[in-house]
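A short worksheet on the structure shown next.
In structure tokens, the structure reads:
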């Protein structure tokens, strides 16, 4: 039986009092995440943070299954993090727990910490956590260095402009190379590493503490202890105890001041005031400069800390640095919001101050016959109580559905009605919770800057914007423009694997449909579709492990009685020719017992697989509405007889009815096109890289019984007809597309030739880079490939490469080819010239089909020493021969 983690007592009153204090002092709040490659030590580090803060009284262990944040049975069985866990604690600690000796912190800060998964299959779980964070700690394995998934999450954090610290972990292990890892931070993450800690090894190579570069002191941890007993050793005392470390501390401090001076003018002034003495600048001034550099965008300087969480070394200095260097919610950039279907964008503070209104949008709300005046809009803003983003939904066995929210303005109070601006519906927050991993306490409010949970919401989904408004209409919600206010949504990556789901009996169809709906509400990176011809239900996901976890959740937790098919590849199909003529479809049927009639005209054409949307998404005129769709598809709707607000251009032209405003009509068209794209006309796979143009004329397409559902159906029928015309009777107007993966493989030099040959010949891949583990970068390669799904919006392409020769990296005395501490400093001494002689890295693009079950094959080629990671690079058209081979294969058997 797994050991139980003992937690400190915490009453509801104590939790509520803490948050009430934080509501009046948001500057003492930190919303941070732990990000890293799998097995870098994220959960272990989190457990130490909880222990030193006084939240737990026993150290949790991943191997024992006694961790606080990895509480799901699947997580404890596999020893990995599957879903992000949120937990709140105070640092410096309250009560009897002791802070770091000599720390200048006396006022407890509230840390809302999210421990994220490291496996590539759970990328979306990381994305939705990053969306609400204010800062992050990136943990690196001191032996493995910067790994592929590390680069991916680093780029994702850059996209959200999240300041980061680096913690080099596992420095107690054989082969740990702190200096080499520091160099990789510069080379592969493209940031200047500011070394704030040095590992302190004794003569036998045992990690006994860390050297504090900022405070110019040593921190020796009592051997065999729990990490709470720390002896501070001044620089003068170090001269006699470990002269080499003392000399390296001086050298590291010099390089740190020089680096900060290049990026912070105030540090230059401090340096001059100190008579150009690098050691004379106070620790407080160095910390202040580090903070300014950390909060710059793009972040060019990254503070680097050292330790070994499992050995309880270096965690308290890391916690202090979180308080010192990472921002509070008030120091973050203004959250981006949009108004209405036009997507008018701006900052939330600009909206709240009345500077961003619906009047700035090219369309106006049709819910009232006249545009909302500026005075009325300003008055409406006074009644806005809160604005929050739902970033996660969890179905808890005891508490029901839990919706995690980050509040960006105001405060959500208990029993407040919440208007969902995406779904245009109201729900009531009957209870509010503050989460402690799997535990929770009731609270009265969730103030701005905090992360909390609303249980019992029936419809809210990940990415929905929730607003609380005084006097809102129960059905119609708050007035415009508040009713269409949307915080920046969370992008969902495309699924690449799928399984079939079939009920064991007809009686199980409804329960399975409900279970799948709940599963999708929890995890929007899963996708459910129904084959119209066979009636078979497909569940798609990001990877094999992702679908295995989803299957376990569906069968074990949600008790679905179904058969799950074998994992298959999620192919796509695209058009090679446009539709020869526009296709008009008329929908005339009963919907819900009422007659509904509507029409629509559509034409389709192929898009380049990686076509840039920067210019294409700009409307050519005020009658054109452009919507990007998943899978590089695009929808263009033209309404030549309507004004942008939906009113007729000419008084003689028909107008839209009150129950069918232009935003509702456009949304209906979008829903219909998405339904048409779910199944392609040639092979039955989802459609990729296709542009559809819908033409709407009220005098031809609008009828007295028209409804949103009717227009959605008309758009679906017209799009399907246009695609069939484009494909042609011979079926030669379409081609299949397959996911192409960017694969990073680490192997020993002896196995290099065999692995490269296997990739190039048997698996049809293309090797794009080959070299040492620190010379190839999958993220840079993905960014340069032109892939629309790569992290191109993070601004990294504008950051110049780092000159590795100028990076300060301390020597690695116990790594292969290293030097003794105190030898020549600088990057050249970090591990010697042949530091990567034993490990080579291969970067290749390989079809996903050839990577299924690859780990077992790789281990046979490398005698069990090879490892790999992969991410979706893009979807690529298949050759005729390869397409025929795939189509000729049989579907997998049930298991």
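Numbering (my numbering), first residue to last: 55 to 949. Using N, Cα and C, we set each Cβ at its ideal position, and we do this for glycine too.
Close-in-space but distant-in-sequence residues of the same chain around residue i (CB under 8 Å, 5 per side omitted)
i, result
"residue 354", "245, 246, 317, 347, 853"
"residue 819", "797, 813, 898, 899, 900, 901, 904"
"residue 314", "248, 321, 340, 343, 344, 347, 355"
Burial state of residue i, where buried means 16 or more other Cβ atoms lie within 10 Å
i, result
"residue 518", "buried"
"residue 294", "exposed"
"residue 675", "exposed"
"residue 617", "exposed"
"residue 785", "exposed"
"residue 724", "buried"
"residue 779", "buried"
"residue 906", "exposed"
"residue 305", "buried"
"residue 694", "exposed"
"residue 934", "exposed"
"residue 726", "buried"
"residue 91", "buried"
"residue 679", "buried"
Spatial distance of residue i from residue j (CA atoms)
i, j, result
"residue 272", "residue 455", "48 Å"
"residue 277", "residue 264", "13 Å"
"residue 600", "residue 699", "43 Å"
"residue 407", "residue 742", "41 Å"
"residue 255", "residue 918", "31 Å"
"residue 364", "residue 190", "20 Å"
"residue 400", "residue 391", "6 Å"
"residue 123", "residue 541", "Reliability of the predicted coordinates at residue 123 is poor, the pLDDT of 48 falling under 50, and the value obtained from them is presented with this limitation in mind. Straight-line Cα distance between these residues: approximately 28 Å."
"residue 388", "residue 756", "42 Å"
"residue 398", "residue 538", "11 Å"
"residue 795", "residue 925", "6 Å"
"residue 241", "residue 235", "10 Å"
"residue 358", "residue 250", "6 Å"
"residue 697", "residue 658", "25 Å"
"residue 647", "residue 507", "39 Å"
"residue 299", "residue 287", "11 Å"
"residue 704", "residue 735", "39 Å"
"residue 409", "residue 386", "20 Å"
"residue 301", "residue 861", "18 Å"
Strand pairing of residue i, partner residues [DSSP]
i, result
"residue 540", "392"
"residue 603", "Per DSSP, none; premise fails for residue 603."
"residue 683", "687"
"residue 649", "644"
"residue 800", "895, 921"
"residue 556", "617"
"residue 469", "Residue 469 is not bridged to any residue."
"residue 190", "87, 218"
"residue 167", "86, 141"
"residue 609", "For residue 609, which the question treats as bridged, DSSP gives no partner whatsoever."
Close Cβ partners of residue i (< 7 Å) along its chain, the five nearest in sequence each way excluded
i, result
"residue 440", "461, 463, 464, 465, 466, 521, 522"
"residue 335", "311, 324, 325, 328"
"residue 661", "686, 688, 743, 744, 745"
"residue 536", "434, 438, 521, 523"
"residue 511", "455, 457, 481"
"residue 180", "89, 170, 171, 207, 210"
"residue 224", "95, 195, 196, 197, 230, 362"
"residue 857", "none"
Own chain residues within Cβ distance below 6 Å of residue i, not counting five before or after
i, result
"residue 419", "Per-residue confidence for residue 419 stands at a pLDDT of 41, beneath the threshold of 50, marking its modelled position as unreliable; the derived number appears in the next sentence. Result list for residue 419: 534, in chain order."
"residue 285", "274"
"residue 280", "366"
"residue 931", "789, 791"
"residue 165", "84, 143, 145"
"residue 553", "593, 601, 618, 619, 621"
"residue 774", "730"
"residue 75", "Note that residue 75 scores a pLDDT of 46, beneath 50, so its modelled location is shaky and nothing firm can be said."
Anticipated Cβ contact below 8 Å, residue i with residue j, distance rounded
i, j, result
"residue 714", "residue 691", "Not quite, the Cβ-Cβ distance comes to about 14 Å (not below 8 Å), so this is no contact."
"residue 650", "residue 759", "6 Å"
"residue 636", "residue 749", "7 Å"
"residue 525", "residue 478", "At roughly 17 Å, the Cβ-Cβ gap does not stay under 8 Å, so residue 525 and residue 478 are not in contact."
"residue 641", "residue 764", "5 Å"
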